[in-house]
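Chemist:
Protein chains: 2
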Amino acid sequence: MSKAAKRKRSPTSRASAKRETSGKGARTLNRDTIIAAALAEIDLVGLDNFSLRNLAKALGVFPTAVSWYVAGRSQLLAEVAHKVLEDIIPPGFHDSWQGYLREFLQRFRQAIRAHPNVAPLIGTQLVANPAVDLDFVERLLAALAHAGLSGVNLVSAYNAVIAAAVGFTTQEFAPVPAEGTSAWQAEIRTRLQNVSSTRYPQLAKNMKLLGNKAFTLRWQNGTDAPLDSSFTSFVDIFISGLEQFAGRE
Amino acid sequence: MSKAAKRKRSPTSRASAKRETSGKGARTLNRDTIIAAALAEIDLVGLDNFSLRNLAKALGVFPTAVSWYVAGRSQLLAEVAHKVLEDIIPPGFHDSWQGYLREFLQRFRQAIRAHPNVAPLIGTQLVANPAVDLDFVERLLAALAHAGLSGVNLVSAYNAVIAAAVGFTTQEFAPVPAEGTSAWQAEIRTRLQNVSSTRYPQLAKNMKLLGNKAFTLRWQNGTDAPLDSSFTSFVDIFISGLEQFAGRE
DNA sequence: ACCTGAACACCGTTCAAGT
DNA sequence: ACCTGAACACCGTTCAAGT
Numbered sequence: 000m001s002k003a004a005k006r007k008r009s010p011t012s013r014a015s016a017k018r019e020t021s022g023k024g025a026r027t028l029n030r031d032t033i034i035a036a037a038l039a040e041i042d043l044v045g046l047d048n049f050s051l052r053n054l055a056k057a058l059g060v061f062p063t064a065v066s067w068y069v070a071g072r073s074q075l076l077a078e079v080a081h082k083v084l085e086d087i088i089p090p091g092f093h094d095s096w097q098g099y100l101r102e103f104l105q106r107f108r109q110a111i112r113a114h115p116n117v118a119p120l121i122g123t124q125l126v127a128n129p130a131v132d133l134d135f136v137e138r139l140l141a142a143l144a145h146a147g148l149s150g151v152n153l154v155s156a157y158n159a160v161i162a163a164a165v166g167f168t169t170q171e172f173a174p175v176p177a178e179g180t181s182a183w184q185a186e187i188r189t190r191l192q193n194v195s196s197t198r199y200p201q202l203a204k205n206m207k208l209l210g211n212k213a214f215t216l217r218w219q220n221g222t223d224a225p226l227d228s229s230f231t232s233f234v235d236i237f238i239s240g241l242e243q244f245a246g247r248e
Numbered sequence: 000m001s002k003a004a005k006r007k008r009s010p011t012s013r014a015s016a017k018r019e020t021s022g023k024g025a026r027t028l029n030r031d032t033i034i035a036a037a038l039a040e041i042d043l044v045g046l047d048n049f050s051l052r053n054l055a056k057a058l059g060v061f062p063t064a065v066s067w068y069v070a071g072r073s074q075l076l077a078e079v080a081h082k083v084l085e086d087i088i089p090p091g092f093h094d095s096w097q098g099y100l101r102e103f104l105q106r107f108r109q110a111i112r113a114h115p116n117v118a119p120l121i122g123t124q125l126v127a128n129p130a131v132d133l134d135f136v137e138r139l140l141a142a143l144a145h146a147g148l149s150g151v152n153l154v155s156a157y158n159a160v161i162a163a164a165v166g167f168t169t170q171e172f173a174p175v176p177a178e179g180t181s182a183w184q185a186e187i188r189t190r191l192q193n194v195s196s197t198r199y200p201q202l203a204k205n206m207k208l209l210g211n212k213a214f215t216l217r218w219q220n221g222t223d224a225p226l227d228s229s230f231t232s233f234v235d236i237f238i239s240g241l242e243q244f245a246g247r248e
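Heads up: the sequence lines are chains A and B, in that order.
Start counting the first sequence at 0; every next residue gets the next number (numbering that gives the first Met the number 0).
Start counting the second sequence at 0; every next residue gets the next number (numbering that gives the first Met the number 0).
Shown next as C-alpha cells:
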C-alpha cells in the first residue's frame, strides 16, 4: 500500500554473480563494501545523522550508485544490523547447554557493544530476516533440546532466549538524547538525590546504587557506563529460570 | 556538536501554565493534544510515514505551530512513547510479588499491543526519561524488596525486569518489512519447509511449530500472529529465575 | 552491467512577522 | 503568548542518459 509497494523489476535483485578482479579497472563498488561503509558511517555519526547521500559521498560515488546494489534505506539498515550480529554463534557445543546459552548472550552483548549506534535497529530488524542464519537457529534449538525441551516448550524457550538477548542489550546501549545533554543529566541526578524518603523509601534507600545504573534512571548509556554486573545477574536469572522450565517437562 | 546542540532560548520551555477555557476563543492547541494526535497519526500511518508536517496538517495548523509546544521531532516521539506506557503500573500491591510482576509484564505487553507501531520507540526511549515516573520505579523496587532482594541485587533484578518487558514485547510487535511483503513471506515459508533434515534436524522436526511462531522465522508480527503462549512461558521462566535469584541471598 | 546527472516531492528546523 | 508564512538545507527515490 505504501509508496514502497509500487517498486517493480528493480535491477537490485542479484548483483554479485562474479567478481572479476582480473584485469583492468577492478570494480571498486559492491554490496559488501557498501554495507561495511554504512556501518562505519553509522559508528561515526550515529543513526539519526546517517543518510544515503553522505554514505555515497564517503564512498566517492553519486547517491544513486548506491541504490543499484541496495533496494533502499531500510533494506540497507537491515543488512547493517545483520552484519553486526554475524559472529554471535558460539563456535562449538563443547560445554553444557547452560554454558552455550551463557556464551551466546555474552557474544550478543559484545556485538552490540562494538557498534552501539545500531542498537535501536536490532530489535526492529530481527523480526523476520529472509537471510536468517539457519545455522544459528539450529544450534540454539539443539542446545535447548539438550536441556530436555521439545515441542511447543522448545519453541517458547527459543523465543525467550532471543527476547532476553535483545531486551537487555538494546536497552543498555540505547542512545542517550542528544539535546541539552548536560542539562537533563543534572536534572535526573538532583531529582534522584532530592527524592522524598517517605514517599519513595526504596528509591531513597538505594539512591546511590540506582543512579546511572538502573534503566530509566541513567544519564549515560552502556558505552560510557556499562552494566556488567547487572547483565551477569540477568543471565543467571534467566538461565536458572530455564532450568526450572526444562525440569518441569 | 550536532545541529540540535546549537538551539538556544527556545520558547518551548514551559507552555501549559494556565488553561483559560474561560471566554472567547478557547485555545485549541496544546501539548497534550499534539501528543495524542501524534500517537493517533502513528497508529494510522506507521512510524516511517509519520512526519511533523502531516501531523500539523491533521491538526489544521502550520508545521511551525507544533514546534512551539514541542522542541523537536525526537522529543515528540519520546513523549508519545511515554504516553503509550502511562498506564502500565499495576493498581495495588494486593497479591504476591510474583503476581505483581506478572501483572506488570502483561500490562506492558497490552500497552504495546494497543499501539504496535510505536514498538520500535520503546527500547530506544526508555533509556533515561527526565519525566520518569518515580512511582513506577518505587513500586517495582518495593515488589522486588518483598522478594527479599536488597542492595546491588535489587538493582540488578530491577534492570532484569525492565529488560524482560522490553525484550519480548518490542520483538513481538516489531514492524514487518513493508517491501515486497508477500514475496518474502513465501520465501521464508518454503525455505523452512525445504530445510535439510540431516543438516538441520531440530528445524526439520519442529518446522510446523516454528513457522510464524518463532522470532526470525516469522512472516507476520504480533498484531496478526500474537505469541500468547510463548509470552506466558517467558514470564514463567523469568519469574522462577527471579525466585531462585532472591532465594540465594 | 554499472554509474552519472538532473529532477521530484518531501522533510525538520530557523527566522521574521503578524496579532 | 501563540501562530502564520516564507525560506533553508537536506533527504530518499525515480527516471533518463551515458559507457
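Cβ coordinates follow ideal geometry from the N, Cα and C atoms, glycine included.
Determine, using beta carbons only, whether alanine 146 of chain A and alanine 77 of chain A come nearer to each other than 8 Å.
Modeler: Contact: no.
Chemist: Suppose only complete runs of 4+ residues qualify. What are the alpha helix (DSSP H) ranges in the segment 161-226 of chain A, listed by chain order?
Modeler: Listed in chain order, they are 180-192, 200-204 and 206-209.
Chemist: Any residues in the segment 107-125 of chain A with a beta carbon nearer than 7 Å to a beta carbon of chain B? Which ones, in chain order?
Modeler: The segment 107-125 of chain A vs chain B, Cβ under 7 Å: Pro119, Gly122, Thr123 and Leu125.
Chemist: According to a CB-to-CB cut-off of less than 9 Å, which residues of the segment 60-83 of chain A neighbour chain B?
Modeler: For the segment 60-83 of chain A, which is checked against every Cβ of chain B, the residues closer than 9 Å are Ala70, Gly71, Ser73, Gln74 and Ala77.
Chemist: Check the C-beta distance from leucine 28 of chain B over to valine 60 of chain B and give it rounded, since I have them as a contact under 8 Å.
Modeler: Sure, about 6 Å apart at Cβ, within 8 Å.
Chemist: Using a Cβ-Cβ cutoff of less than 6 Å, which residues in the same chain neighbour alanine 185 of chain B once the five nearest sequence positions on both sides are dropped?
Modeler: Excluding sequence neighbours, alanine 185 of chain B sits near nothing in its chain.
Chemist: Count the other C-beta atoms from every protein chain shown that fall within 10 angstroms of the C-beta of lysine 207 of chain A, then say buried if there are 16 or more, exposed otherwise.
Modeler: Looking at its Cβ environment, which holds fewer than 16 other Cβ atoms inside 10 Å, lysine 207 of chain A is exposed.
Chemist: Which residues in the same chain have their Cβ closer than 7 Å to the Cβ of histidine 114 of chain B, if we skip the five residues on either side of it in sequence?
Modeler: Here the set comprises Leu38, Asp42 and Val83.
Chemist: Comparing the C-beta of threonine 215 of chain B with each C-beta of chain A, is any distance below 8 Å?
Modeler: It does: the Cβ of threonine 215 of chain B has a partner Cβ on chain A nearer than 8 Å.
Chemist: State the DSSP-derived secondary structure class of glutamate 85 of chain B, mapped to helix, strand or coil.
Modeler: Reduced to three states, the DSSP call for glutamate 85 of chain B is coil.
Chemist: Can you find the residues in the same chain that come closer than 7 Å, C-beta to C-beta, to glycine 210 of chain A, ignoring five residues on each side of it along the sequence?
Modeler: Excluding residues within five positions, the ones whose Cβ falls inside 7 Å are Arg188, Leu191 and Leu216.
Chemist: Determine whether the Cβ of leucine 133 of chain B lies closer than 8 Å to any Cβ atom of chain A.
Modeler: Cβ-Cβ to chain A under 8 Å: yes for leucine 133 of chain B.
Chemist: Exposed or buried, glutamate 85 of chain B, counting other C-beta atoms within 10 Å across all chains shown (16 or more means buried)?
Modeler: Classification of glutamate 85 of chain B: exposed, given that the 10 Å Cβ count is below 16.
Chemist: Do glycine 221 of chain A and arginine 112 of chain A have their C-beta atoms within less than 8 Å of each other?
Modeler: In this structure, arginine 112 of chain A lies closer than 8 Å to glycine 221 of chain A by Cβ.
Chemist: Please report whether the beta-carbon of threonine 32 of chain B lies at a distance below 8 Å from any beta-carbon of chain A.
Modeler: It does not; no Cβ of chain A falls within 8 Å.
Chemist: How is aspartate 235 of chain B classed by DSSP in three states: helix, strand or coil?
Modeler: Correct three-state label for aspartate 235 of chain B: helix.
Chemist: For asparagine 152 of chain A, which residues in chain B fall below 9 Å Cβ to Cβ?
Modeler: By Cβ distance, chain B contributes Ser232.
Chemist: Please confirm whether phenylalanine 107 of chain B and glutamine 170 of chain B have their CB atoms less than 8 Å apart.
Modeler: No.
Chemist: Mind pulling the chain A residues with CB within less than 7 Å of glutamate 137 of chain B?
Modeler: Result: Tyr199, Gln201 and Leu202.
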